[in-house]
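Note that the protein sequences, when read in sequence, are chains A and B.
Here the first sequence stands for residues 1 to 728, where the numbers follow this note's numbering.
Here the second sequence stands for residues 1 to 67, where the numbers follow this note's numbering.
We put the CB at the ideal spot given by N, CA and C, even for glycine.
Here the structure is a predicted model, which means the values were calculated and not measured.
This report concerns only the one structure given below.
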Amino acid sequence: MSVTQSKPAASQTIKQPIETFYYDNEIVRKFAIAAVFWGVAGMLVGLIVAFQMVLPDFFLWDGVGPLSFGRIRPLHTNAVIFAFVGNGIFMGVYYSLQRLVKSRMHSNWMSQAHFWGWQAIILSALITLPMGISSAKEYAELEWPIDLAIAVVWIIFGLNMFLTIANRRERHMYVAIWFYIATWITVTVLHVVNNLELPVSFVKSYPIYAGVQDALVQWWYGHNAVAFFLTTPYLGLMYYFIPKAANRPVYSYRLSIIHFWALIFIYIWAGPHHLLYTALPDWAQSLGTVFSLMLIAPSWGGMLNGLLTLRGAWDRVRNDPNLKFMVVAVTAYGMATFEGPMLSVKTFNAISHFTDWTIGHVHVGTLGWNGFLTFGILYWLIPRMYKTKIFSKNLANLHFWIGTLGMILYVVPLYWAGWVQSLMWKEFDADGFLVYKNFLETVTQILPMYWIRAIGGTLYILGVFVMIYNLVKTAYQGQFVKDEAASAPAMAKEYQKPKNEYWHRIIERKPFQMLVWSLVLILIGGIVEMVPTFMIKENVPTIATVQPYTPLELQGRDLYLREGCYTCHSQMIRPFRSETERYGEYSKSGEFIYDFPFQWGSKRTGPDLHRIGGKYSDAWHYQHMLNPRLTSPGSIMPAYDWMLDDVLDTTLTDTKIRVMQKLGVPYPEGYDRQANADLAEQAEGIAQNLAKELDDPTLVEMKDKEIVAIIAYLQRMGTDIKATAKEE
Amino acid sequence: MYKDVLRSIDGVSLFPVVAIIIFTLFFVLLLIYVFRMSREKVDHFAAIPLQEDADLTPDFSPEKNLS
């Protein structure tokens, strides 16, 4: 056996004895199976919600809540991000890390605990999200006990990774490992900061932030979840698997070092670009835009580094399906990271925000970058771990083409839909009136695009089934190598520092220092954004008439969170004439100070709701919830008829009031004891209204049903500011 | 509102400036380091992912299997 005799840097370690050890392939296979399994599950849920947007009753039964759009859309996003991509990350990390450091994972026990813990968390999401147990913050919907479990499992993963790196046999940490380390530490910080919440019960909590502050923290998190969960770990995988698949080293290792540091520093600042034209302070919006534009440089540097790795090997791209997948993945990364900064420019954002353009944009990233890179890695990895060839190259090519076609059919119609709808929202006639006054007109116009999207999604998922068949057949024809033998010289205990060693080499040698420096760099951006944010709480201009919610409205608001109304409705009227004309006075930051959590939303499948209060009668809302088609023919909103049957749970009203008081909401001392009496009185009033307006005395019985609470909240929303006007 | 927020924090306007200075310094040092790395070292680092197949996993060469 010949060992690294020709490698120059190994000369220092050549005297060390050769050790034989075994890579753990079993854990890699487990995560691979989980990634594919949950990938299919997450995509199927995505397909259901896509069809629900054209067929509002699709997959729904009368009076059944758990499968309605607002509850399973978070299930789709969480499943695809944390289950599909999450397991994909762990699959790739466990495979590549062991080989890059020439050592088995430190602890089998930790690997298994990580695996089963993560699957248990996914399972709990699968159960709780359809039940409406949700903290209603995008991509952080899971409630606090699950948040704690995520923290524990994540720490086990981190420990296992760091101890493996500490036991390595290769002194230099390859650049992929830096991306893994930065991912780990940043996700830890993001998860903790965004999920600080006060429990009300085992399945309900309120975040410690409200309104503007909550919005900034949430989108600092949301943006960086994309950055450090969907991007940096996959860049690490790109830096390992593309050289492996192409059988040539990365185009420029120097560029990869610059790519790494520039990317992790700049990414963390760009979060506020999700909040342009909102009630967020201007300086924070500008910060988000500037850093988003700067982000093009490292993103494209990384993309080019990946693509140029294939220099002189492009002929192989024609033959190797796995390289095809990887090339399209990196290209999709390039497209998405060009588009992202463009959409952060206020001029473009004014058009794209709240429309399907955003949905198209993120699916270039997930279907293209994450999906295709995962598939490319699977086609490369499975045959190797089973010591065989891929079962069918033709089927892999078929997957590639229907996947690509599916992706195009998914994304292009949504771009089209986004621009068409946005232009319709903003179109004025010669007399200065909105041409499409009824929001619904702008929705029915783009339904054909939603149909094509659903077909594109179907094709994409069919491709995944082709892959599963192909990989299962591959596995059956091969023999799985559970523990793969390898050998390498041990790393010398005493390291002879080269005389003129640079500071950066020291960081590269020491995983802990890498962690600390990554942390410092991401914290700089985080702190600059956060410190003013935390001060904002005291500095949001207060509006005297903005009062805390009544107990019934608070309960109604919690139903709004439970049903995931924010997945289709914003509560943020931007200061455009087209919006003030349509919805009313634009939203002020001082109006949200009692909103735990904020519900500004990110997509308008339905109209903005911030000034919905008082716009319609109680009876209108009652009928609209019973069946949206009664009041708005052609509406694609699902019915919320169970709210008419289910009794409002008031057992926690007093606890909720006390938690709100702890969060600084000025309810009078001891109000918790009186809250339910006030709640009953207000509910009685609304029920009487319903009976009168609909001329049906039996509706008085609605007084203890959920429907009166949601009506109370909707009728309150955005009205406090109007009280100011009256007083004046 | 912009001014209200800024006024209330001592020296908040320095935050981004200090941050960008720290990063620029770091970035310049990084560039100097990166371009002074020896060709030999860079090649070795870049080849780390490819080592195992070539000579450390003698009983299993994937290249032969995926022709």
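Just checking: is the beta-carbon of V42 (chain B) within a distance shorter than 8 angstroms of some beta-carbon in chain A? yes
Nearest to W401 (chain A) (by Cα), restricted to the options A:Y436, A:M335, A:F372, A:P551: A:F372
Taking all protein chains shown into account, do 16 or more other C-beta atoms lie within 10 angstroms of the C-beta of K662 (chain A), making it buried, or fewer, making it exposed? exposed
Beta bridge counterpart(s) of E484 (chain A) as assigned by DSSP: A:Y23
What are the residues in the region 24-42 of chain B lying within 9 angstroms of chain A by C-beta distance? F26, F27, L29, L30, L31, I32, Y33, V34, F35, R36, M37, E40, K41, V42
For chain A, is any of its Cβ atoms less than 8 angstroms away from the one on I21 (chain B)? no
Opposing strand residues paired with I735 (chain A) [DSSP bridges]: The requested residue 735 (chain A) is not part of the displayed model; chain A covers only 1 to 728.
Start-end ranges of the alpha helix (DSSP H) lying completely within the region 368-446 of chain A, minimum 4 residues: 372-385, 393-425, 439-444
Y415 (chain A) CB to nearest chain B CB: under 8 angstroms? no
Hey, H114 (chain A) and T164 (chain A): beta-carbon distance below 8 angstroms or not? no
With DSSP as the reference, label V17 (chain B) as helix, strand or coil. helix
Assign M625 (chain A) to buried or exposed, taking buried as 16 or more other Cβ atoms, counted over all protein chains shown, within 10 Å of its Cβ. Classification for M625 (chain A): buried.
Which partner residues of S201 (chain A) appear in the DSSP bridge assignment? A:K204
Please classify Y315 (chain A) as buried or exposed, where buried requires at least 16 neighbouring CB atoms within 10 angstroms. Position check: residue 315 (chain A) holds Asp in this sequence, whereas Tyr was assumed. D315 (chain A) should be labelled exposed.
Whose Cβ in chain B lies nearer than 7 angstroms to the Cβ of L100 (chain A)? I48, P49
For chain B, check one thing: does any of its Cβ atoms lie closer than 8 angstroms to the Cβ of P249 (chain A)? yes
Member of A:Y583, A:D214, A:G46 whose CA lies at the smallest distance from the CA of Y460 (chain A): A:G46
P383 (chain A) versus K389 (chain A): straight-line alpha-carbon distance, rounded: 5 angstroms
Name, going along the chain, the residues of the region 163-175 of chain A whose beta-carbon falls closer than 7 angstroms to a beta-carbon of chain B. Within the region 163-175 of chain A, the qualifying residues are E170, H172, Y174.
Note down the Cα distance separating N394 (chain A) from W380 (chain A), rounded to an integer number of angstroms. 15 angstroms
Could you name the residues of the same chain whose beta carbon sits closer than 7 angstroms to that of L447 (chain A), not counting the 5 residues immediately before and after it, in chain order? V54
Below 8 angstroms between beta carbons is the criterion; list the residues of the region 260-286 of chain A that meet it against any residue of chain D, in chain order. No chain D appears in this structure, whose protein chains are A and B.
Beta strand (DSSP E) runs contained entirely in the region 626-660 of chain A, provided each spans 3 or more residues: none
Listing by chain order, which chain B residues have their CB less than 9 angstroms from the CB of I543 (chain A)? Neighbours of I543 (chain A) on chain B: none; closest Cβ ~12 angstroms, over 9 angstroms.
Could you tell me the boundaries of the alpha helix (DSSP H) in which Q479 (chain A) lies? Element bounds for Q479 (chain A): n/a, residue is neither H nor E.
Where does F265 (chain A) fall in DSSP's three states? helix
Does DSSP put K510 (chain A) in a helix, in a strand, or in coil? coil
Can you check whether the C-beta of R254 (chain A) is within less than 8 angstroms of a C-beta belonging to chain B? yes
Do you know how far the Cα of V531 (chain A) is from the Cα of H259 (chain A)? Cα to Cα, the separation comes out at about 27 angstroms.
Is it a yes or a no for the region 179-194 of chain A touching the region 555-571 of chain A, going by three-plus beta-carbon pairs under 8 angstroms? no
Within the same chain, show all residues whose beta-carbon is closer than 6 angstroms to that of I208 (chain A), passing over the 5 residues directly before and after it, in chain order. L196
Do you know how far the Cα of E141 (chain A) is from the Cα of E563 (chain A)? 12 angstroms
Is DSSP giving K703 (chain A) helix, strand or coil here? helix
Cutoff 6 angstroms; reference L552 (chain A); Cβ partners in own chain excluding five residues on either side: Apart from the 5 residues on each side of it in sequence, L552 (chain A) sits with its Cβ closer than 6 angstroms to the Cβ of L679, Q682, A683, A709, A712 in its chain, given in chain order.
Can you tell me where the alpha helix (DSSP H) holding L237 (chain A) begins and where it ends? L237 (chain A) -> alpha helix (DSSP H) spans 232-246.
F31 (chain A) by DSSP, collapsed to three states: which one? helix
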